[in-house]
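Written out below as structure tokens is the structure these notes cover.
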Amino acid sequence: MKLIKMKSLAYAAGLVVAISGCAQAVDADVSLESDEQKASYGIGYGFAQNLKAQTQGLDLSVEAIVLGIQDAMNESEMALTDEEIQTAIASLQEKQMEAQQAAAAEQSAAAREEGEAFLAENAEKDNVMTTESGLQYEILEEGDSDASPTAESTVRVHYHGTLINGTVFDSSVERGEPVEFPLNGVIAGWTEGVQLMNVGDKYRFFIPADLAYGDRQASPLIPAGSTLIFEVELLDII
7 MKLIKMKSLA YAAGLVVAIS GCAQAVDADV SLESDEQKAS YGIGYGFAQN LKAQTQGLDL
67 SVEAIVLGIQ DAMNESEMAL TDEEIQTAIA SLQEKQMEAQ QAAAAEQSAA AREEGEAFLA
127 ENAEKDNVMT TESGLQYEIL EEGDSDASPT AESTVRVHYH GTLINGTVFD SSVERGEPVE
187 FPLNGVIAGW TEGVQLMNVG DKYRFFIPAD LAYGDRQASP LIPAGSTLIF EVELLDII
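Here is the structure:
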């Protein structure tokens, strides 16, 4: 959700004033025959779409919006003072932020609950091992090398990342290009897990939210509180 901003409303009001030097009351039977009428309708519709996007999640009064537009276009005296308007907008911003935070917390809690249930069941599998931190891993392939990275190492890997429902959120495998990065610059589950590997190994990691991105939404494809699954092939230590 985007917070409503005073400058956005000021711009919108200015746009409306620039449209015409006068205004008529809203009429359901207004004619849309001439180019001027059609253009006016299109401008009004576009204005409303933009306003709706800017004020998403807020319970606004359409009647009051229309009254404000009419007063501005008729150059009538404002029904409210600037201070009253700014105070009301600040109050709406606060309510919107609180609602957004509450929704995010609820979504994160639900994702965590699903992840914990998944990990509890997954831990019962014979081929899955769990570390003291709660990281789970499965050895898919073992290479011939004894070389193992440290937390300070830079590694070259191929990886395929999914949510517990199978949604792919990132994959160097699908891109066909391995990546290099320092192990101390990634999520804790990666830092710990890749150190368990030798060059040539391929592991599957099941990473709890607290070892991933926690209650932060890392991307549109990774909801807050998500448990992550990565298949990782350690290609080299740089």
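Here the sequence shown stands for residues 7 to 244, where the numbers follow my numbering.
Glycine included, C-beta positions come from ideal geometry on N, C-alpha and C.
Note that the structure is predicted; figures quoted are calculated from it, not measured.
| said: Beta-carbon within less than 6 Å of Q236's beta-carbon, same chain only, minus the 5 sequence neighbours each way: which residues are those? | reply: It should be noted that the sequence gives Phe, not Gln, for residue 236. Only Y165, G167 and F211 meet the Cβ criterion.
| task | Given a cut-off of 7 Å, decide if P155 and I213 are closer than it, judged by their beta-carbon atoms. | result | no
| message | Between which two residues does the beta strand (DSSP E) holding D176 run? | response | V174 to S177
| Distance CB(L217)-CB(V200) smaller than 7 Å | no
| request: Return the CA-CA distance between A29 and D41, expressed in angstroms with no decimal places. | output: Residue confidence is low: A29 scores 41 on pLDDT, short of 50, so the model does not pin down where it sits. Its coordinate-derived value is still stated next. Going from the Cα of A29 to the Cα of D41 covers about 17 Å.
| Whose C-beta lies closer than 6 Å to the C-beta of V179 among residues of the same chain, with five residues either side of it excluded? | H164 and H166
| request: Can you tell me which of the three DSSP states E90 falls into? | output: helix
| query | In whole angstroms, what separates the C-alpha of G191 from that of A110? | reply | 26 Å
| Cβ-based neighbour list, I193, same chain, cut-off 6 Å, excluding 5 preceding and 5 following | A218
| Alpha carbon to alpha carbon, how far is L241 from Q55? | 50 Å
| message | By the three-class DSSP mapping on this structure, what secondary structure does V251 have? | response | Since the first residue of the chain shown is 7 and the last is 244, residue 251 is not available in this structure.
| For S151, which residues of its own chain have a beta-carbon under 6 Å away from its beta-carbon, when the five flanking residues on both sides are left out? | N204, V205 and G206
| Under a three-way DSSP split, which group does E144 fall into? | strand
| query | Touch check for the segment 98-106 and the segment 56-74: three-plus C-beta pairs under 8 Å? | reply | yes
| Grouping DSSP H, G and I as helix and E and B as strand, with all else coil, what is K131? | coil
| For L98, three-class secondary structure by DSSP | helix
| request: Could you tell me the distance, in whole angstroms, from the CA atom of E144 to the CA atom of E104? | output: 41 Å
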